[in-house]
Amino acid sequence: YSPIISDSNSTMAINASEKEKLDITLPADNTQMPDIIVANKNAEGSDITGFKKNTDADGNVVAGAQDPVTINFQLKHILSQLDVKVKGSNTNTTNAAKVSKVQVIVGKAHVKKIFDMKADLTPASNAGWTAGAEADGDITYEYTNSNSGWDLTTSEITANGTRPILLFPDTQASITIRIFVKDSDAANETQLQDIVLSSATALGNNASLTTGKKTTLTVTIKGKEIVLGGAVTDWESLGTFTVIIQ
Numbered sequence: 262y263s264p265i266i267s268d269s270n271s272t273m274a275i276n277a278s279e280k281e282k283l284d285i286t287l288p289a290d291n292t293q294m295p296d297i298i299v300a301n302k303n304a305e306g307s308d309i310t311g312f313k314k315n316t317d318a319d320g321n322v323v324a325g326a327q328d329p330v331t332i333n334f335q336l337k338h339i340l341s342q343l344d345v346k347v348k349g350s351n352t353n354t355t356n357a358a359k360v361s362k363v364q365v366i367v368g369k370a371h372v373k374k375i376f377d378m379k380a381d382l383t384p385a386s387n388a389g390w391t392a393g394a395e396a397d398g399d400i401t402y403e404y405t406n407s408n409s410g411w412d413l414t415t416s417e418i419t420a421n422g423t424r425p426i427l428l429f430p431d432t433q434a435s436i437t438i439r440i441f442v443k444d445s446d447a448a449n450e451t452q453l454q455d456i457v458l459s460s461a462t463a464l465g466n467n468a469s470l471t472t473g474k475k476t477t478l479t480v481t482i483k484g485k486e487i488v489l490g491g492a493v494t495d496w497e498s499l500g501t502f503t504v505i506i507q
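Start counting the sequence shown at 262; every next residue gets the next number (the working numbering).
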């Protein structure tokens, strides 16, 4: 698996009683959540082996360094990504209406999870996840624009910017999207109705958070009316990184 525990911003730990499991906690700042990848078993289904003992011509084990061998496995993402996009239904020529902030709220029961590294890692499967200890409270990820809000036009705003939000798969029933809007002349914000990811009926089955996939929620604001759309896509590459696999 990667990243190595010491580099994971206190979000990961080896399970105290079962060493093949990871205890994972969503941090208060989601930008500190590492993209965790875990190696599948090899194509034959046997355990991964990274070395072999030296042997002589007769097959007897001899002293010396261990010989490296080629390992047949793939590292796969185990978390799910979420993008939240907001737009207006009409072009706003005065730019008076603004989205002041967007909150993504994770219910406390889904802030901590345990992952079994021997589990099936196919993208269609969310197997391997079990509940961890319940957190003290919900976590709220808040996204704002430094220029006093985003103009509410027909152009999409990705509230979380270029970095997707990393969440546990199959927790969509506990993910709430809360949007605040304001008029340029108004002192107070208006909170729109909450959107629970799994109850966004316009999304159908696309509302799910799935291992190794990115869900995009698009919120279209028509006055006080909200129209939802969404899609699930593969993750885009964020570049090449050097990692330590432990």
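Every residue, glycine too, gets a C-beta built ideally from N, C-alpha and C.
Of the residues the options, the one placed nearest residue i, counting alpha carbons only
i: Leu-382; options: Thr-471, Ala-289, Thr-476 and Asp-455; result: Thr-471
i: Ala-274; options: Asp-377, Asn-351 and Val-365; result: Asp-377
i: Leu-340; options: Pro-295, Asp-290, Asn-351 and Lys-359; result: Pro-295
i: Arg-424; options: Ala-277, Gln-293, Asp-431 and Ser-271; result: Gln-293
i: Leu-336; options: Thr-437, Ala-289, Phe-429 and Ala-380; result: Ala-380
i: Thr-432; options: Asp-444, Gly-422, Thr-272 and Val-365; result: Val-365
i: Gly-588; options: Asn-270, Ala-396, Thr-401 and Phe-429; result: Given a span of 262 to 507 for the chain in the structure shown, any question on residue 588 remains unanswerable.
i: Ile-247; options: Thr-476, Val-457, Asp-397 and Thr-272; result: Because the chain is modelled from 262 through 507, residue 247 falls outside the range shown and cannot be assessed.
Between the CA atoms of residue j and residue i - distance to the nearest angstrom
i: Glu-279; j: Gln-452; result: 44 angstroms
i: Gly-349; j: Asn-449; result: 20 angstroms
i: Val-299; j: Asn-387; result: 13 angstroms
i: Ile-297; j: His-338; result: 6 angstroms
i: Asn-321; j: Asn-315; result: 8 angstroms
i: Ala-277; j: Ile-375; result: 11 angstroms
i: Gly-422; j: Val-442; result: 18 angstroms
i: Asn-291; j: Ile-266; result: 17 angstroms
i: Gly-398; j: Asn-270; result: 20 angstroms
i: Thr-401; j: Ala-392; result: 20 angstroms
i: Pro-288; j: Ala-318; result: 54 angstroms
i: Asp-444; j: Val-360; result: 9 angstroms
i: Tyr-496; j: Asn-351; result: It should be pointed out that residue 496 corresponds to Trp in this sequence rather than to Tyr. Those two C-alpha atoms are separated by around 30 angstroms.
i: Pro-264; j: Gly-473; result: 16 angstroms
i: Ala-531; j: Glu-403; result: Missing from the structure shown is residue 531; the chain here goes from 262 to 507 and no further.
i: Thr-272; j: Ala-358; result: 38 angstroms
Residues of its chain near residue i, where Cβ-Cβ distance is below 6 angstroms and the 5 sequence neighbours each way are ignored
i: Thr-405; result: Lys-362
i: Val-457; result: Thr-437
i: Thr-494; result: Lys-475
CB contact check: residue i to chain B, cutoff 8 angstroms
i: Lys-346; result: Included in the structure is just one protein chain, with no chain B present.
Cβ neighbours of residue i in the same chain (closer than 8 angstroms, five flanking residues each side left out)
i: Asp-455; result: Thr-437, Ile-438 and Arg-439
i: Gly-465; result: Reliability fails at Gly-465, whose pLDDT of 46 lies under 50, so the model's placement of it is uncertain and the value that follows must be treated cautiously. None.
i: Ala-396; result: Thr-286, Lys-369, Ala-370, Val-372 and Lys-373
i: Ala-324; result: Asn-315
Closer than 7 angstroms: residue i CB and nearest the ligand NAP heavy atom
i: Ser-435; result: By its list of ligands, the structure shown contains no ligand whatsoever, and the ligand NAP lies outside what it can speak to.
The region 405-414 contacting the region 369-383, beta-carbon criterion three pairs below 8 angstroms:
no
Does the region 417-424 touch the region 270-284, meaning 3 or more C-beta pairs lie closer than 8 angstroms?
no
The region 337-345 contacting the region 474-482, beta-carbon criterion three pairs below 8 angstroms
yes
Pick out the complete beta strand (DSSP E) segments inside the region 362-434, 3 residues or longer, and give them in chain order.
373-377, 390-392, 400-405 and 426-428
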